[in-house]
Each structure stands twice: as C-alpha cells, then as structure tokens.
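Number of protein chains: 2
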Amino acid sequence: MSNIEIIDEFWFYALSISADHIEMTEEEVFHMFRVLRIIPDTRVLVTDGKGRLAHATITEIGKKSIAFTDIEVEHIPQYSYDLHVGIAPTKNINRFEWFLEKATEIGIGRITPIITEHSERKHIRPDRLEKIIVAAMKQSKKAYKPILTDIMNFESFVAQKPMDTSGYFAYLGKNSGHLKNELGTTNHHCVLIGPEGGFSANECLVAEKSGFKSVSLGKSRLRTETAGIVASQIIAMHYE
Amino acid sequence: MSNIEIIDEFWFYALSISADHIEMTEEEVFHMFRVLRIIPDTRVLVTDGKGRLAHATITEIGKKSIAFTDIEVEHIPQYSYDLHVGIAPTKNINRFEWFLEKATEIGIGRITPIITEHSERKHIRPDRLEKIIVAAMKQSKKAYKPILTDIMNFESFVAQKPMDTSGYFAYLGKNSGHLKNELGTTNHHCVLIGPEGGFSANECLVAEKSGFKSVSLGKSRLRTETAGIVASQIIAMHYE
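Protein chains in written order, with my numbering: chain A, 120 to 359; chain B, 120 to 359.
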C-alpha cells in the first residue's frame with residue numbers, strides 16, 4: 120500500500136461533489152497540478168461551496184483532469200445567520216476585492232454590487248471577483264461560497280428586500296443607532312454600504328421607505344470597503 | 120477680500136502646530152502643491168497626529184514651503200481606550216499594509232511588528248509603513264497618529280506589558296473565550312496576533328506566564344491581517 124500524504128491547511132473547490140465523483144474546473148486542476156505540484160496518493164479536502172466537504176484521495180492528476188477515490192462526504196451546517204451586503208464598488212477595484220476577501224473570511228452569504236448616485240464605479244468583472252471569493256473561501260476553510268450577484272441599481276436593490284429580512288443602511292449624517300444595537304429578532308440581515316461620497320438624501324429616503332433603517336458603524340469615518348468589513352464583523356459577532 | 124476655498128474632505132499632516140506656526144514635511148508640501156494643486160487662499164484642516172487640529176488659511180505655497188495665516192487650534196479628545204497590537208508582519212507586505220490602514224481607520228494607538236517562531240517576515244520598512252499610517256489618519260480624519268514601534272522579538276515584547284494593561288493573544292487551538300467577553304475593567308489593551316502558522320506552543324506558554332490571556336476572535340479562520348482588523352474592531356466597538 121502506498122503512502123498517503125494529507126493536505127489540510129486549505130481546501131480545494133469543486134463544481135459538484137457526490138459519493139463517487141468530484142467535478143472540478145480545469146483551472147482548479149491546473150492550479151493543483153502545475154502550481155501546487157500535487158501528486159497522486161494525496162488526500163485532500165474539497166468543498167462545493169454549497170455545504171459539502173469531501174475528504175478524497177487523488178488517484179490521477181494531469182493538466183486538465185483529476186480522479187479521486189475513497190470519497191467521504193461531510194455536510195457542514197450553514198451559518199446561524201444570513202447576511203447580504205449591497206455595496207457600491209470602489210473606484211480602485213483593489214479595495215473592493217479586499218472587501219470581498221475579508222467578508223468571505225469573516226462570513227457573508229451574498230454580495231450585490233450596487234450603483235448609487237455618487238458611485239465612482241459602475242462596472243465590475245464578475246469572473247475576477249468570483250475567483251477572489253473562491254480563493255478566500257478555500258483559504259479560510261468555509262464550505263459555503265458567498266454568492267456574488269449581478270451589479271444593479273440602488274433603487275431596484277432596495278425594492279427587492281424580502282419581508283423577513285432586516286435592512287440597514289450605514290449613514291454618518293444623523294443620529295443613527297449603532298448597528299450592534301439595531302439588530303432585529305430575525306437572523307436575515309441586509310446591509311447597504313454607500314460609495315465614498317455617501318448615499319444621496321434621496322437614496323436615504325428611498326431606503327427608509329423600503330424598510331431599511333439608518334445605522335452607525337461606530338465613531339470612525341470608514342472607507343467603503345472598511346465599512347463593509349466592519350458591518351460583516353458586527354453581524355458575525357452578534358451570533359458568536 | 121479674496122475668496123477663501125475650503126477643503127475639508129480630508130486632513131493634512133504637520134510635524135508641529137502652534138497658534139502662529141505650522142511645520143510640515145517637504146513631502147507633504149510637495150504633495151499639496153504638485154499633486155493636489157492647492158493654491159493660496161485655501162483654508163485647510165491640519166493635524167499633528169498628537170491631538171491638535173488646526174484650521175488654517177494658506178497664504179503661500181511652493182514645491183518646498185508653505186505659509187499659513189488665521190491659525191485656530193482645536194484640541195481633540197483622546198480615544199476612551201488605548202489599544203496596542205503586537206502582530207507578526209505577513210510574508211506579503213501588502214497584507215500587513217492593509218492591516219495598518221484599516222486599524223488606523225477603526226482606531227488603534229500603537230502597533231508593534233513582532234518576530235515569532237513561525238514568522239515568515241523579519242524585516243519591514245518603517246518609513247513606508249509610516250506613510251500608510253499617516254495617509255489613513257488624514258483620510259479618516261483622526262487627530263491621533265498610531266505609533267509604529269520598532270520590530271521586536273516576541274519574548275521581549277510580551278515581557279514589557281505594563282501592569283495596568285490587559286493582554287490577550289489570539290489562539291485557535293483551545294477553548295478560548297471570545298475577546299468581546301474577556302475584556303477586563305481596564306481600558307488599556309494589548310492584543311497579540313501571530314503569523315499564518317500561529318504561535319508555537321512555547322510562545323503560548325510564555326504569553327500566559329506574562330499575563331496574556333488566550334482569546335478567540337470568532338468561529339472563522341482568519342488570516343493574520345484580518346485577525347488584526349477584527350481584534351481592533353472588537354475593542355473599538357466595546358467603547359461605542
């Protein structure tokens with residue numbers, strides 16, 4: 120019997136996982152084969168980002184294809200809360216990417232890039248952002264991949280808030296309560312984070328009419344991406 | 120009388136501020152003059168990073184020198200808490216720089232880069248890191264500049280914890296209480312954040328002997344720089 124080497128300091132990502140088959144993208148296989156130089160007889164952890172975690176041993180690996188044996192599938196429980204952040208992408212996309220990475224590490228369910236009146240960026244590259252999310256998910260060993268939805272207008276976004284979801288928008292202007300003290304009894308949360316110029320007065324009104332409450336994220340003046348990270352952390356902490 | 124234009128969306132940094140003189144670095148002056156193209160008769164906000172905030176009108180500005188008039192000095196109260204983070208610089212210095220920027224935005228008093236057993240980086244460029252801290256302080260309109268101390272060994276660092284400071288070290292291993300529930304009655308806090316490989320067993324013992332308590336930062340597995348940001352946020356929130 121050959122020696123099995125175990126890699127468990129990070130997880131891999133699969134499109135689908137079943138008891139007898141793991142389907143990966145060619146890109147993931149290429150990365151495992153060429154960059155990490157993983158060889159057969161390595162036992163790895165693979166998640167599908169939908170709650171499945173497979174422990175599996177590689178039998179064959181090449182530039183484009185991979186085969187596994189001894190697949191054991193574990194079901195990882197979902198977070199005890201559901202967080203959706205609607206956030207204006209930053210002018211410097213790097214900052215937005217950091218938000219995605221950190222929010223994934225801390226724990227977030229869904230991200231929607233929103234276009235607001237003062238938005239400095241109206242286009243994103245979903246494929247690139249998706250890769251950042253997957254990398255952060257694997258690195259932080261999470262079995263649920265945050266969903267990145269299509270970019271959309273602020274008005275359309277706030278209009279679609281489900282009834283059972285508590286909505287908040289970060290606003291420095293008036294005497295808003297701290298998000299930590301405003302969390303309702305539901306565990307479905309949706310937080311709106313504006314661009315560097317903030318939400319317009321009209322957007323604040325529209326948000327309030329759609330059931331979003333204005334909240335403070337603390338005394339500090341935070342950049343957009345920091346506000347997104349801080350809001351994610353405040354909500355994650357509430358459930359810890 | 121000439122028209123005075125006001126810039127208040129961010130602050131400038133001065134080495135010293137008094138009622139009749141503001142001393143700036145040539146670099147700051149050059150940046151104001153060449154990059155931002157600020158002209159005389161502009162009223163700006165300038166902080167010395169030690170609690171002084173000057174409202175002042177520029178009378179002359181060139182590549183290297185600047186002169187002000189109508190200087191009004193305001194004293195900004197200090198934070199209600201004092202946070203010192205000892206953190207292992209990351210292999211990719213970019214990640215460490217992000218920690219510095221975000222911790223400055225959220226609110227931190229002092230940062231000490233530490234060298235630990237599993238450290239991947241033992242050298243930093245303080246001048247470069249200092250610039251990141253100053254930029255974040257100006258952008259987030261803070262009148263107190265976090266102090267970046269010299270890099271030092273883990274053992275020397277933990278040995279110098281003052282008696283009146285509560286010490287914590289982020290540790291995933293054992294059943295540590297969440298930092299938010301472990302904050303003592305003092306408002307002086309010192310948090311240790313290890314490298315990607317974590318603290319060694321010996322370092323944990325040394326930290327405990329020196330009065331540092333092992334704490335959890337939550338359920339998620341966080342990168343070093345994220346752990347630093349999250350710890351800063353947990354402590355800032357405690358005082359909000």
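All C-beta atoms in this analysis are idealised placements derived from N, C-alpha and C, irrespective of residue type, glycine included.
Give me the Cα-Cα distance between residue 178 of chain A and residue 156 of chain A, rounded to the nearest whole angstrom.
-> For the purposes of this step, residue 178 of chain A is identified with residue 59 of the first sequence, where counting begins at 1. For the purposes of this step, residue 156 of chain A is identified with residue 37 of the first sequence, where counting begins at 1. Approximately 14 Å, taken between the alpha carbons.
Candidates B/211, B/268 and B/230, of which the one nearest residue 240 of chain B by Cα | To locate residue 240 of chain B, count along the second sequence from 1; it is residue 121. Residue B/211 is the option with its Cα nearest to residue 240 of chain B.
What does residue 239 of chain A touch in chain B if you count any residue whose Cβ is under 8 Å from its own?
-> Within the first sequence, numbered from 1, the residue matching residue 239 of chain A stands at position 120. Under the 8 Å cutoff, chain B gives no residues; its nearest Cβ is about 14 Å from residue 239 of chain A.
Determine the direct distance from the alpha carbon of residue 307 of chain A to that of residue 279 of chain A, and round the result to whole angstroms.
-> Your numbering for residue 279 of chain A matches position 160 in the first sequence. Your numbering for residue 307 of chain A matches position 188 in the first sequence. Going by the C-alpha atoms only, they are around 14 Å apart.
Compare the C-alpha of residue 184 of chain B against each of B/124, B/142 and B/324 and name the closest.
-> Here residue 184 of chain B refers to the residue found at position 65 of the second sequence. Nearest option by C-alpha distance: B/142.
Beta-carbon proximity check, residue 252 of chain A vs residue 219 of chain A, cutoff 8 Å = By 1-based counting over the first sequence, the position of residue 252 of chain A is 133. By 1-based counting over the first sequence, the position of residue 219 of chain A is 100. Yes; because the gap between Cβ atoms is below 8 Å, this pair is in contact.
Assigned secondary structure, residue 222 of chain B (DSSP; H/G/I helix, E/B strand, else coil) = Working through the second sequence from its first residue, we reach residue 222 of chain B at position 103. Three-state DSSP puts residue 222 of chain B in a helix.
Would you say the region 333–353 of chain B touches the region 280–298 of chain B, given that touching needs at least three Cβ pairs under 8 Å?
-> yes
Under 9 Å by beta carbon: chain A residues contacting residue 345 of chain B | Your numbering for residue 345 of chain B matches position 226 in the second sequence. 220, 221, 224, 225, 259 and 348, listed in chain order.
What residue does the beta strand (DSSP E) around residue 305 of chain A start on, and which one ends it?
-> Looking up residue 305 of chain A in the first sequence gives position 186. Here residue 305 of chain A belongs to no beta strand (DSSP E), and DSSP marks it neither H nor E.
Would a check of beta-carbon distances place residue 145 of chain B closer than 8 Å to chain A?
-> In the second sequence, residue 145 of chain B corresponds to position 26, counting from 1. It does not; no Cβ of chain A falls within 8 Å.
Unbroken beta strand (DSSP E) runs of length 3 or more, entirely within the region 143–207 of chain A: which are they?
-> 161–166, 171–180, 185–194 and 201–206
Neighbourhood of residue 316 of chain B by C-beta, 7 Å cutoff - its chain only, sequence neighbours within 5 removed | For the purposes of this step, residue 316 of chain B is taken as the residue at position 197 of the second sequence. Closer than 7 Å at Cβ, skipping near neighbours: 237.
Quick one: does residue 216 of chain A have its CB under 8 Å from some CB of chain B?
-> Numbered from 1 along the first sequence, position 97 holds the residue referred to as residue 216 of chain A. No, residue 216 of chain A does not count as interfacial toward chain B.
Based on the DSSP secondary-structure assignment, which residues constitute the bridge partners of residue 272 of chain B?
-> Reading the second sequence from its first residue, position 153 is the one you call residue 272 of chain B. Partner(s): B/234.
Quick one: which chain B residues come within Cβ less than 7 Å of residue 193 of chain A?
-> The count along the first sequence starts at 1 and reaches residue 193 of chain A at position 74. Going along chain B, no residue has its Cβ under 7 Å from residue 193 of chain A, so there is no contact; the nearest lies around 17 Å.
Please classify residue 206 of chain B: is it buried, with 16 or more other beta-carbons within 10 angstroms of its beta-carbon, or exposed?
-> Working through the second sequence from its first residue, we reach residue 206 of chain B at position 87. Residue burial annotation: residue 206 of chain B is buried, with at least 16 other C-beta atoms found within 10 angstroms of its C-beta.
Under 7 Å by beta carbon: chain A residues contacting residue 275 of chain B | Residue 275 of chain B sits at position 156 when you count from the first residue of the second sequence. Here the premise fails: no neighbours, minimum Cβ distance about 29 Å.
Chain B contact residues for residue 332 of chain A, given Cβ-Cβ distances below 8 Å = If you number the first sequence from 1, residue 332 of chain A lands on position 213. Those do not exist, as residue 332 of chain A stays about 17 Å from chain B at its closest Cβ, beyond 8 Å.
Would you kindly report the start and end of the unbroken beta strand (DSSP E) that includes residue 133 of chain B?
-> To locate residue 133 of chain B, count along the second sequence from 1; it is residue 14. Neither: residue 133 of chain B is in no beta strand (DSSP E) and is coded neither H nor E.
Looking at chain B, which residues of the region 294–324 of chain A have a Cβ within less than 7 Å of any of its Cβ atoms?
-> Residues passing the 7 Å Cβ filter: 297 and 299.
In whole angstroms, what separates the C-alpha of residue 160 of chain B from that of residue 176 of chain B?
-> By one-based count along the second sequence, residue 160 of chain B stands at place 41. By one-based count along the second sequence, residue 176 of chain B stands at place 57. Computed Cα separation, rounded: 6 Å.
Pull up the distance between the alpha-carbon of residue 281 of chain A and that of residue 329 of chain B, whole angstroms please.
-> Working through the first sequence from its first residue, we reach residue 281 of chain A at position 162. Working through the second sequence from its first residue, we reach residue 329 of chain B at position 210. In a straight line, the C-alpha of residue 281 of chain A is about 51 Å away from that of residue 329 of chain B.
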